[in-house]
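Working notes for the structure below.
2 protein chains.
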Amino acid sequence: MSKTELTPAATALTDLILDLFRLNSRVLASGDRLVAPLGLTSARWQILGAITSAGRPQPVAWLARDMEANRQNVQRIVNDLEKEGLIAFEANPHHRRAQLVVLTDKGKQTFDAAMRLQAPWANDLSDGLQVEDIETMRRVMAAMRSKLEGTGDEEHT
Amino acid sequence: MSKTELTPAATALTDLILDLFRLNSRVLASGDRLVAPLGLTSARWQILGAITSAGRPQPVAWLARDMEANRQNVQRIVNDLEKEGLIAFEANPHHRRAQLVVLTDKGKQTFDAAMRLQAPWANDLSDGLQVEDIETMRRVMAAMRSKLEGTGDEEHT
DNA sequence: AGATAATTGACAACATGATGTCAAATTGAT
DNA sequence: ATCAATTTGACATCATGTTGTCAATTATCT
Chain A
1 MSKTELTPAA
11 TALTDLILDL
21 FRLNSRVLAS
31 GDRLVAPLGL
41 TSARWQILGA
51 ITSAGRPQPV
61 AWLARDMEAN
71 RQNVQRIVND
81 LEKEGLIAFE
91 ANPHHRRAQL
101 VVLTDKGKQT
111 FDAAMRLQAP
121 WANDLSDGLQ
131 VEDIETMRRV
141 MAAMRSKLEG
151 TGDEEHT
Chain B
1001 MSKTELTPAA
1011 TALTDLILDL
1021 FRLNSRVLAS
1031 GDRLVAPLGL
1041 TSARWQILGA
1051 ITSAGRPQPV
1061 AWLARDMEAN
1071 RQNVQRIVND
1081 LEKEGLIAFE
1091 ANPHHRRAQL
1101 VVLTDKGKQT
1111 FDAAMRLQAP
1121 WANDLSDGLQ
1131 VEDIETMRRV
1141 MAAMRSKLEG
1151 TGDEEHT
């Protein structure tokens, strides 16, 4: 049997992935439009969210790991956010170079404003969807992610 | 009732979207690694696929519409592919400027090679997934896409 | 203590995607 | 036929993401 044969599930998955790309780009575009009036983008919003979720101040490299994102990229955006006064750096007692990232008052207010915009957006987008189907989708995505795991996130080696 | 209240479905959807971002980035990274030996990237691969799916030669702008992608961006990558000999331009009898994009022999061979790599990759990634669950995920994504539709794709106006 | 690893931020180069502008070419309305 | 609107490719700019390198710092091992 040739290796170019696709199983039924693989055929369905191939189509699903093309849909995934398109949906990802639409959600990003919609999110960008949503928070643009606040001077945010999806990427900046996500970083503010990571800082908030962390609970306590963390260095940039730790935030990047939490987000499963690129260290250098998070650093660049964090630096931009610092220039605009949304975040600030604090001295790290355990590491002289790795400063801690904290939200400024302006950063907190901006993030809260984004959350207030997000609520009606999410309510509308989820209207008519079954919670059960959403959970099924998350299970499928989790299975795919675990299969794709560990094959490309290491920085050195 | 405050507009910052999230319905149960909206709460599930918010988590789902964060998973969506991560899965999208992993699939892209995995796809890039898969076809890198062929000199392809996910973006180039997708464009070769659009040319193939079209059935007959089309101008860049039509391909971009088929892909629901950016016209200028597709143009840049198509130009790169032309420099590397994977695609070629043909005169368009109906439009002097809008040349038709066709795969060269090298382009066809490269795309076929990518498909041969993709088959075992998709079979492995879909192994253990229920076709029914994959279909459910596609339905949810389709519902989301239709809600996000028409709010940001127009080029002018 | 001293050597080696790992972590971290800074910097640079490049790929990708979004957006805007412009001129050439085509289409459509009158 | 003529003029306006649309389509299309070319070019430019910026935001984001990836990758590689380097030096400073910290952690680990002996």
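Residue numbers (the numbering used here), protein chains in the order written: chain A, 1 to 157; chain B, 1001 to 1157.
Cβ atoms here follow ideal geometry from the backbone N, Cα and C, with glycine treated the same way.
- By the neighbour-count criterion, in which 16 or more other beta carbons inside 10 Å mark a residue as buried, L125/A falls on the buried side.
- Ranked by how close their Cα comes to the Cα of G1031/B, the residues L40/A, T14/A, S25/A, P37/A have T14/A in first place.
- If you look at L1013/B, you'll find it in the alpha helix (DSSP H) that goes 1008-1035.
- Residue environment for T136/A: buried (at least 16 other C-beta atoms within 10 angstroms of its C-beta).
- For chain B, the residues of the stretch 31-46 of chain A that bring a beta carbon within less than 7 angstroms of one of its beta carbons are R33, in chain order.
- At a cut-off of 7 angstroms between C-beta atoms, D1112/B does not count as an interface residue with respect to chain A.
- From the beta-carbon of S126/A, the residues of chain B found nearer than 8 angstroms are T1007, A1009, A1010, A1012, L1013.
- Burial of R1044/B is indicated by the presence of at least 16 other C-beta atoms within 10 angstroms of its C-beta.
- By the beta-carbon neighbour count (other beta carbons within 10 angstroms, threshold 16), L1129/B is buried.
- Taking the Cβ atoms as the reference, M141/A lies roughly 7 angstroms from L1020/B, within the contact range of under 8 angstroms.
- Taking a Cβ-Cβ cut-off of 9 angstroms, the neighbours of L23/A in chain B comprise L1020, N1024, M1141, A1142, M1144, R1145, L1148, given in sequence order.
- Cβ-Cβ separation between L6/A and A1122/B: approximately 6 angstroms, consistent with a contact (criterion under 8 angstroms).
- Within chain B, no C-beta atom comes nearer than 7 angstroms to that of R76/A; the closest sits roughly 17 angstroms away.
- Chain B has a Cβ within less than 7 angstroms of the Cβ of R138/A.
- Under DSSP, F111/A takes part in no beta bridge, so it has no partner.
- Taking a C-beta distance under 7 angstroms as the contact criterion, E90/A and L100/A qualify as a contact pair.
- Among the residues of the stretch 46-66 of chain A, none has a Cβ less than 7 angstroms away from any Cβ of chain B.
- Secondary structure note for E90/A: its beta strand (DSSP E) is the uninterrupted segment 87-90.
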